[in-house]
Amino acid sequence: MKDLKILGIVVAFALILYYGVEPFAHSQMHKHVEFKGFKYKDLKDIPKGDPKKGETLAASCAGCHSIKAAGMKAPMDAMASSAAYGVNPPDLSLAGKMLDEKFFANFLVNPAKVTKSKHFAMPPSAGSLQDAADIVAYFKEVAKKAEETTETEAKKIANEKVEKLKKSGIKVSDSQSKEIVSKTVKNAKNKEAFVFACGRCHANRYGKWTQLGDVPKTKPDINTGVDLAKIDFQKNLGAYQIKLAKYMGKLPPDLSIIVRARSEDYLKTFVEDPQTQLPGTAMPRVGLTNEGYEEVLGYLESTGDPSKEKRESTAPWVIGFFVIFTLLAYGWYKSQWKGLH
Amino acid sequence: MAHFDENAKPFSHKWLNERLAVDTLKRVLSTEYWIPKNINFLWAMGMVLAATFGMLLISGIFLLMYYQPNTQLAFDSVNYTIMSEVGYGWLWRHIHGVGASVVFLIIYIHMFTGIYYGSYKRGRELIWLSGMLLFVAFSAEAFSGYMLPWGQMSYWAGMVITNLFSGGSLHATGLVEWIRGDYVPSQAFLNRFFMLHVLLIPLAIIGLIVFHFGTLRIPHVNNQDGEEFDFDAEAEKWKAGQKKESKVIPFNPVFLSKDVFVMGVYFILFFFLVFYNFEFAMDPVNFDPANPLKTPTHIYPEWYFLWSYEILRPFSTNIGLIAFAFAQVIFFALPFLDRSPNVAPASRRGPFKYWFWILLVDMLILTFMGKLPPVKPWGTIGYVAAVIFIILWIALPFITKSEKKL
Amino acid sequence: MADRRDFMGMALGAFTGLGALGALYAAKRTWDPLPSVKAAGFTTLDVSKAPEGVLITEMWRGKPIFVLKQTKEMVEKAKKKEISNAKGHKEIERLIKIGDSYFMITVGLCTHLGCIPGYRPETQDFLCACHGGMYDSTADVTKAPPPRGLDIPPYKIDGNKLVLGEEGPEYKKLVETGLTQRV
Chain A
26 MKDLKILGIV
36 VAFALILYYG
46 VEPFAHSQMH
56 KHVEFKGFKY
66 KDLKDIPKGD
76 PKKGETLAAS
86 CAGCHSIKAA
96 GMKAPMDAMA
106 SSAAYGVNPP
116 DLSLAGKMLD
126 EKFFANFLVN
136 PAKVTKSKHF
146 AMPPSAGSLQ
156 DAADIVAYFK
166 EVAKKAEETT
176 ETEAKKIANE
186 KVEKLKKSGI
196 KVSDSQSKEI
206 VSKTVKNAKN
216 KEAFVFACGR
226 CHANRYGKWT
236 QLGDVPKTKP
246 DINTGVDLAK
256 IDFQKNLGAY
266 QIKLAKYMGK
276 LPPDLSIIVR
286 ARSEDYLKTF
296 VEDPQTQLPG
306 TAMPRVGLTN
316 EGYEEVLGYL
326 ESTGDPSKEK
336 RESTAPWVIG
346 FFVIFTLLAY
356 GWYKSQWKGL
366 H
Chain B
9 MAHFDENAKP
19 FSHKWLNERL
29 AVDTLKRVLS
39 TEYWIPKNIN
49 FLWAMGMVLA
59 ATFGMLLISG
69 IFLLMYYQPN
79 TQLAFDSVNY
89 TIMSEVGYGW
99 LWRHIHGVGA
109 SVVFLIIYIH
119 MFTGIYYGSY
129 KRGRELIWLS
139 GMLLFVAFSA
149 EAFSGYMLPW
159 GQMSYWAGMV
169 ITNLFSGGSL
179 HATGLVEWIR
189 GDYVPSQAFL
199 NRFFMLHVLL
209 IPLAIIGLIV
219 FHFGTLRIPH
229 VNNQDGEEFD
239 FDAEAEKWKA
249 GQKKESKVIP
259 FNPVFLSKDV
269 FVMGVYFILF
279 FFLVFYNFEF
289 AMDPVNFDPA
299 NPLKTPTHIY
309 PEWYFLWSYE
319 ILRPFSTNIG
329 LIAFAFAQVI
339 FFALPFLDRS
349 PNVAPASRRG
359 PFKYWFWILL
369 VDMLILTFMG
379 KLPPVKPWGT
389 IGYVAAVIFI
399 ILWIALPFIT
409 KSEKKL
Chain C
6 MADRRDFMGM
16 ALGAFTGLGA
26 LGALYAAKRT
36 WDPLPSVKAA
46 GFTTLDVSKA
56 PEGVLITEMW
66 RGKPIFVLKQ
76 TKEMVEKAKK
86 KEISNAKGHK
96 EIERLIKIGD
106 SYFMITVGLC
116 THLGCIPGYR
126 PETQDFLCAC
136 HGGMYDSTAD
146 VTKAPPPRGL
156 DIPPYKIDGN
166 KLVLGEEGPE
176 YKKLVETGLT
186 QRV
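Protein chains in written order, with our numbering: chain A, 26 to 366; chain B, 9 to 414; chain C, 6 to 188.
Set out below in structure tokens:
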């Protein structure tokens, strides 16, 4: 009984200690920012849009942007674009899905104000909120097509992977192959979301992503060890990053393990409105939908905390082992101390 | 010349006994190493510490296989290679990180158990001193290990802590540069702290653990009442089968069985932290790579250094350094500052009872304040707590001298 | 009482042993080659521009790969000569046919103890400087100590290209008939 009383005191002190140096200290160090659910209530409501009209209006977008899902190529490559604007404009295939419609339409009317970014390269691109709503309606249709393409391609890759596994003699059950397919599709969607929302300013080196796209697979020359293709790529990337840093004020950080460097709450509220967490930051308000944000976060978790699944599946085994270990040890202890008092 | 039986079978019991004295070893180290019976679970903390050190050693060996002590590669070798490529690399890292933090919790419990029961007096001074040396060695081990991931906290902790050696107004920048091997923490710094972390300090710790065990041998482990008795006579009782009457138990298996049970409970908690609540042991700020051109908004040491950090912080540079140095060494002097003739639990010792709890609470407050930004009112509270800490230690000899013999 | 005491202690010991086995498994997995090493185990070789009778060295899994496009004379010789340690099989069977050309493609490590044999253009053969082993132009062994000709890496023919690291049907056949060993 005395042991339990002492244990109570020790545990109480340990918990007070933990409370003081963790939850309490963090609550004092970081200011609290209210999460508003990606609703953008400060912006004007928009009228219903007509995608047909929007398609005509959107033709001018292609002056700077590519829209792969609609078969439109970018007029300039990433390097030339960054030289002209400071940053490479995004491909717009997913814009209708990733961006909140209210944000998107208001953004087209006045980009600098809506993003809360002092210097935003994109000029106002819609004459009225009605025009903007039409364009948004069009991009929503484009995004549907873009997503379908992503899904079909990912499914193809996943099925090839399953075939390969089967060929090499590994048994793959139907549910397993379904899981492989659904996981591959999810990963592909998450990555595209990241590329659209973050990928032109932020690298993710654990995901092998740079502001210029995926890190290309190159091979050094066998006699000299020189990898010219790699050097070329790095030179381009360096030039792009210098331009980008000039445009943004500093090089935006690599996001490989940002999920471990910042709390979930911080990331959410920061993406929703960067100025609330970091007043004066050059990072624009991106205007993501909740769904779009979840996908971006999914990608960031896959690069920042890749062992999560394995960790969660291993945990019950190890902890279960020690529970049984403790029960057995208790039995041993009781048998050894029997008759000593 | 010892006698060796020519006919003993190689590796038979007799053969080994003649060469290694296995029976004697077993007797001396386990079955007839006597521990008092009158103890509680806090007496298991020594073995819990040994087990945690074992965990740190094993996980460290696997981390060492993939870690790169290079300022360009260190961060990614930890956060990418070990965390996502190496089979169970994440498990070793989490065990290592959580273990490094939890080991200090147990050390503090172990220390305060010793203080509460007066286990540092009357023949047990060397146990306390060797234990304090272990505390210092573990602190150095924790600090050097904290450098290795080469994140923002590694870099800036390295910068700030090495700057302490400039001695304030002494401006010993030469010494600071000598410690770093460069003007700032850099490749040379990382390499030498890597060496300290994986070789020199662990060697010292292992040596000190052996020494710590050695110091226990003659004075024996204390008991819940600080009672003094004849261990030999009590041991004879046990051997004669009077197990109920004897005040001692053998280390193996009786004491060990309780130890192992306590360890089991401890490991459930330990692995719960490893799998579900590891973030307290791995500061988010250290997941940003080291940047010599940007100090993080908030910098603070790991929780176990916070109390002494807070003694440094509220004062001006020179006084702060003196106060800090005082806090670092004063625990060593405990056996000599306590002038009371009694070896007894604090609850029976008059004013010392209050001294103990005030010290504990004061250190807890210092720990809290050490992590908070130095603004009002935290700065003031920290200042008061630091002053109380110093007064408590100055008052200790006077308080204990007036204590009546029990 | 003594029985129960022993029983509990032993049960605990045995269970702890089980846990140690689990930890050993994790340790074994930690020693495994990393996924990035495994993924780098594939190399595509384009041999379409290789000149006849000139040895080219490539690299696969950190090992040197010999590529020797066979001249007409070499092919003629290979059609007649038996493989030294596989009687009944002709050397031509160990050559890789891509299009109309025959290639000797092997791991460039001596099958004796792993040194790199040197190619001698004038005699069109290989000499291993370490222990004097020799191979002819199809990499079949001609002088001991090497026990067999140079090993052929797993390959798959993909048009004009060769993917090293993947086992195509031709390679599988070579292994089955014992004309090369898996490397």
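Cβ coordinates follow ideal geometry from the N, Cα and C atoms, glycine included.
- Contact check between the stretch 58 to 74 of chain C and the stretch 111 to 121 of chain C: three or more CB pairs, one atom from each, fall below 8 Å, which counts as touching.
- Along the stretch 37 to 51 of chain C, going in chain order, the ones with a CB nearer than 7 Å to a CB of chain B are Asp37, Leu39, Pro40, Ser41.
- By the rule that beta-carbons nearer than 8 Å mark a contact, B:Leu81 does not touch chain C.
- Distance between B:Trp365 and A:Val36, taken at the CA atoms: about 15 Å.
- Residues of chain C whose Cβ lies closer than 7 Å to the Cβ of A:Trp357 are, in chain order, Met13, Gly14, Leu17.
- Taking the Cα positions, C:Ile157 is about 6 Å away from C:Ile110.
- Looking from the CA of C:Arg153, the closest CA among C:Ile162, C:Asn165, C:Tyr140, C:Gly164 belongs to C:Tyr140.
- Inter-segment contact for the stretch 65 to 79 of chain B and the stretch 192 to 210 of chain B is present: three or more beta-carbon pairs are separated by less than 8 Å.
- Taking B:Pro343 as reference, the option from B:Pro359, B:Asn46, B:Gly139 with the minimal CA-CA separation is B:Gly139.
- The beta carbon of A:Ala120 sits closer than 6 Å to those of Phe164, all from its chain and outside the five residues before and after it, given in chain order.
- Inclusion of B:Leu314 and B:Lys379 in the CB contact set at 8 Å is warranted, their separation being smaller than that value.
- In the three-state scheme derived from DSSP, where H, G and I count as helix and E and B as strand, C:His94 is classed as strand.
- Per the DSSP secondary-structure output, B:Gly159 pairs in a beta bridge with B:Pro297.
- Among the residues facing chain A, C:Phe20 is included, as its CB has a counterpart in that chain under 8 Å away.
- Only residues of its own chain outside the window of five on either side were considered, and among them Met109, Thr111, Gly154, Leu155 have a CB closer than 6 Å to the CB of C:Ala144, listed in chain order.
- Within chain B, no C-beta atom comes less than 9 Å from the C-beta of A:Ala37; the nearest is roughly 11 Å away.
- For C:Met109, the nearest beta carbon of chain A is not closer than 8 Å to its own beta carbon.
- Residue pairing by DSSP places C:Gly123 opposite C:Leu132 in a beta bridge.
- A Cβ-Cβ distance of about 5 Å is found for the pair B:Ile338 and B:Trp401, placing them in contact under the 8 Å criterion.
- Residues of the stretch 97 to 112 of chain B with a C-beta atom less than 8 Å from some C-beta of chain C are Gly97, Leu99, Trp100, listed in chain order.
- Along the length of the stretch 246 to 273 of chain A, whole alpha helix (DSSP H) runs at least 4 residues long occupy 253 to 273, reported in chain order.
- Taking a contact to require three or more Cβ pairs closer than 8 Å, the stretch 234 to 251 of chain B and the stretch 80 to 92 of chain B do not qualify as touching.
- Under a 10 Å Cβ-count criterion, A:Asp67 is classified as exposed, with fewer than 16 other Cβ atoms of the shown protein chains found around its own Cβ.
- When beta bridges are read from the DSSP output, A:Val167 appears opposite no residue.
- In the assembly as shown, C:Asn165 is an exposed residue. Its beta-carbon has fewer than 16 other beta-carbons within 10 Å.
- Taking the CA atoms as reference points, A:Pro100 sits about 11 Å from A:Asn113.
- At a cut-off of 8 Å between C-beta atoms, B:Tyr391 does not count as an interface residue with respect to chain A.
- Checking the DSSP bridge columns, you'll see C:Leu50 partnered with C:Leu167.
- DSSP, read as helix, strand or coil, puts B:Met53 in helix.
- Residues of the stretch 277 to 299 of chain B that bring their beta carbon within less than 8 Å of a beta carbon in chain C are absent altogether.
- Our two residues, C:Tyr107 and C:Lys74, have alpha carbons roughly 6 Å apart in a direct line.
- Chain-ordered, the chain C residues with CB closer than 7 Å to the CB of B:Pro261 read Gly14.
- Against chain B, the beta carbon of A:His90 has no neighbour under 8 Å; the closest one sits roughly 32 Å away.
- When Cβ-Cβ separations below 8 Å define contact, A:Ser338 makes no contact with chain B.
- Residues of chain A with a Cβ closer than 9 Å to the Cβ of C:Thr62 are, in chain order, Ile247, Asn248.
- Every alpha helix (DSSP H) stretch that sits fully inside the stretch 273 to 328 of chain B and reaches 4 residues is listed by chain position as 314 to 320.
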